[in-house]
Structure formats: structure tokens, C-alpha cells
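One structure below.
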Amino acid sequence: MASNSLASNVITSSSLSLENQLNSARETPLFYRVFGLAGAGIMLDAADVYVASAINGALIATKFATVAQGSIFLSSGFLGLFFGSLIAGYIGDFYGRKKAYQYNLLLFGAFTLLAAFAPNMIILTICRLLAATGLGAEIVTSYAVVNEFAPVRRRGHWSGLTAIVANSGAPLTLLIATFMIPTFGWRSMFLLLGVLAMILWFARRHFPESPRWLLTKGRTAEANTIIKQLTSRGLYEDDELKSQNKAVIHISFGKGLFIAIVAVSATLLCQYTFTTWVPTLLLKRGIGIVHSIGFSAIMMLGAPIGSAIGAALVDRTGRKKLIGVSFVAVALLGFAYAYETTTVGIVLNGFLLTVTLYILIATVISIYTNELFETSHRFRGAGIANGVSKLLNVLMPTVVAMVITQFSATFLYYGIAAIAVIAALVIFIWGPETDNKIIK
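Reminder that position 339 of the sequence shown reads as 343 in the numbering used here, one-by-one numbering, no gaps.
Right, here's the structure in full:
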């Protein structure tokens, strides 16, 4: 009994020592590879959302689909993301981060390629559902993996940069779609994304397991092998980093889940409702398909800019203040957008609203959500929060279609403002500050 107790203490001490090394490790080639591959995967996730919005406008404009069928097409994507997020969360926590993202791109790539040859909306919607199920794991795994591999006091920096890389896919994809859809048709975009997904899946076949997850499972030797590579350039000294706060905080799973669900759902509901339907709403204002996608692309230049602002500010202002203020800004800009009538005003206000929404993407989705949960259930927490938001977004296309056909698009922007105000209140009242904290 004494020898078993001693052995247990040695393992625990070793695990703590290894975790401390991870918390202060300098960036190494292995970390940069993790960052690059994770960033590329989440970029595909962002690109897929905007391909769907551009294609939806083209489907309706070319009479391949009605507005109602287009809303089902969009809903099927969100439903797939819901299933993928939940499945990835449980696989990631119980069987390892590596398994959670090992096959998701294969599923996404295969069914995205098949979607390019869909003969009707039924087949296209089924392909969309299955492809999105594969991609649903990406938003959970990529941000969380960067969070777990990054040193604690550089976590905000690298998670924010992941959001910048990811959301560069939004304007880039729309710019490509502006050329490809009118020239080659909407099927060409599915072919392009499907091929890119298969290439990335092949490149990620030797992705390393998260050492933090290995430590929680008692697999110290395996974790040590990876940590040796992550610390090959040594550790940061305390005086090299601006903040010296090494506080350990405890956030219950229930509280973390409540805050994460509200913050993630509000962020993605506002973002998807606005960006997904912009091309279609512009078409309804009499703007042609080429100009509508082009104007959307200009607005979406705010995605990487907003992500960059979020990444630059999040470690300076703290998570809570930046997120709360950004939600308030979204509410004000969303309300103002409802009254824009000129082309310049529509594009400029849309650009500013996009910037603000992507400050939230860079902070809430990339950083804050993963910091609300301990390593042992981080993927489940992030998966459930993202899954709930996707489930709500399943209903949104139907609601949006009803509003724009039966009422006025003005009410959509009122809804965005209301959702953002509720989220701001929750963050200001109950949201913990997780900046530079070790989550236990």
C-alpha cells in the first residue's frame, strides 16, 4: 500500500511538472505545425458557411431552388454542424482529440464533392447535411487544440491569430465565388472546397495528440514525449511576459456551460443570420447576383479585420470587458442597419457590423469558450455550446424566410440587436474573467 501511494504521488508530481512546462513553453516547430493545420481546417469551416450563403442566392436566382427550399438547404447545414459538434465533443473528451478530427475532413470532403453533382435539391440537401456533420467537428477541435497546445500566457494571442487565419476564408471565398459562380456555376465552388478538404485531410494524418488530454488520462509517458518537442526551445521566464498573474480558477461545468451557450449562441446567431442572408437580401433590393456577392465580399473584408482587432485587444482589455462591449456595439449597429437605404450606407454599415461580429468570433468562439472548461470536459463543453448554437441556427433560415416573405427584413436586424443585448447582460453579470488564468 505504501509503495502504491508513493508511486501515485510520483505520477501526480510528474504530471504537474509537465503541465507547468506546457504553460510556459516557447513556441516550437511542432506548435507552429499544429497552429497551421488547425488554422487551415477552421478556415475551411468559415469558407463553407459563406459558400453556402453565396450558393443559396445563386440557387434561388437561377430557379434551381425556391426561397423555402433554400432555407431548408441552409438549415440542413446547421443541423449537420449540430450533430458534428456534439459527436466531436464526446469523442474528443473520451477517446482523444486526435480521433475527433481524424476523419471529419474526409467526411466533409467526400460529400462536398458529391454535392457538386447533385441533380436536384433533395440530393443536394442530403449531401449538405452529411458534409456539415463532418465539418461540425472542426470548430470544436481546431480552436480547442490551439488553446491546449499554446502556453497559458500566450493563449489569447495564438487563439486570436487562429481566428484571423480562419476568418480570412470568408472574404477570400466570396471573392472567388464572385468570379466562379457567374462563370462556371455554383457547382464549381463545391468542387473547389471538396478538393481542398481532401488535401488537408491527407496533410493532417500525423497530427499529434493533445498532451494536456494525455495528462488527464494518466498517460504521462506519451505526454512527456510530445512535451519534449514543445519545450525544445525552452520556457518563457516570468519577466518576459507582460502579465505575471498565475491565478488558478475553478469554474463549475454548469456555470461554464450556461455562459458558453449564451455567448456562443448569440455570437453565431447574429453572425450567421446577417452574413448568410446578405446576398439574398441584396437580391431582393434589386441588386444583381454579381454585385450582391461582390458587395457581400466587401463587407466580409471586415472578418479578418475584426478578428485581428479581437486578437490584439483580448489580452490587454481582458475577455469579459471586450466581449460585453462588443455585444453592445453589435446591438447598436444591427439596429442602425435596419434603416440604411443607400448602397454606400448598406455596405459601410454592413462592413462595421461584420468587424464587430468577428471581434466576438475571435474572442468568444476562439478563446473564451474553451477557457470556461477544464481539460477533462473541454471538448464536451465546447461541443454542446456550439451544438446548441447550430441547432438554433437550424430554425433561423425558416424564420428568416418567413420574415422576408411575409413581413420586412427590418425585423431581422431588430432581432440581432435584441439577442446581442441579452448576451451582453449575461456576460457582464455572470461571466468570469479568464484572462491569463489556469483553469482547474
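Cβ atoms here follow ideal geometry from the backbone N, Cα and C, with glycine treated the same way. Quick caveat: nothing in here was measured; it's all calculated off a predicted structure.
Counted as a single uninterrupted DSSP element, the alpha helix (DSSP H) harbouring Y362 occupies residues 347–364. Y417 counts as buried, since at least 16 other C-beta atoms from the protein chains shown sit within 10 angstroms of its C-beta. Contact check for L261 against G385 passes: the beta carbons are separated by less than 8 Å. Annotation: the continuous alpha helix (DSSP H) that includes L196 extends over 191–207.
Approximately 17 Å separates the beta-carbon atoms of L326 and L357; this is outside 8 Å, ruling out the contact. CA-CA distance, T70 to W434, rounds to 43 Å.
Less than 8 Å divides the Cβ of A141 from the Cβ of Y105. Residues T145, A148, V149, E152, E213, S214, W217, F383 of the same chain have their beta carbon placed closer than 8 Å to that of R101, with the five preceding and five following residues left out of the count. Note on geometry: alpha-carbon atoms of N60 and L133 lie some 15 Å from one another. Around T271, the same chain offers L364, I365, V368, I369 as residues with beta carbons nearer than 7 Å, after the five sequence neighbours per side are excluded. A check of alpha carbon separations from L22 across S311, W190, I231, G328 identifies I231 as the nearest.
DSSP places F98 in the uninterrupted alpha helix (DSSP H) bounded by 71–99. Assignment of beta strand (DSSP E) within the segment 31–63, counting only whole runs of 3 or more residues, yields no such run. The straight-line gap separating the alpha-carbon atoms of R158 and N108 is approximately 28 Å. Here the C-alpha atom of C274 lies approximately 5 Å from the C-alpha atom of I420. With a cutoff of 8 Å on beta-carbon distance, S236 and T66 are scored as not near each other. DSSP places L218 within a helical segment (H, G or I) once states are collapsed to three. Per DSSP, reduced to three states, the secondary structure at L239 is strand. In this chain, the alpha helix (DSSP H) harbouring P308 covers 306–321.
Separation of the CB atoms of G322 and I431 is rounded to 11 Å, and the pair is thereby denied contact status at 8 Å. The residue from A58, F299, A92 with its alpha-carbon nearest to that of F77 is A58. A check of alpha carbon separations from L204 across G81, A312, V38 identifies V38 as the nearest.
Per DSSP, the unbroken alpha helix (DSSP H) holding Y417 starts and ends at 414–434. Boundaries of the alpha helix (DSSP H) around Q233: 224–234.
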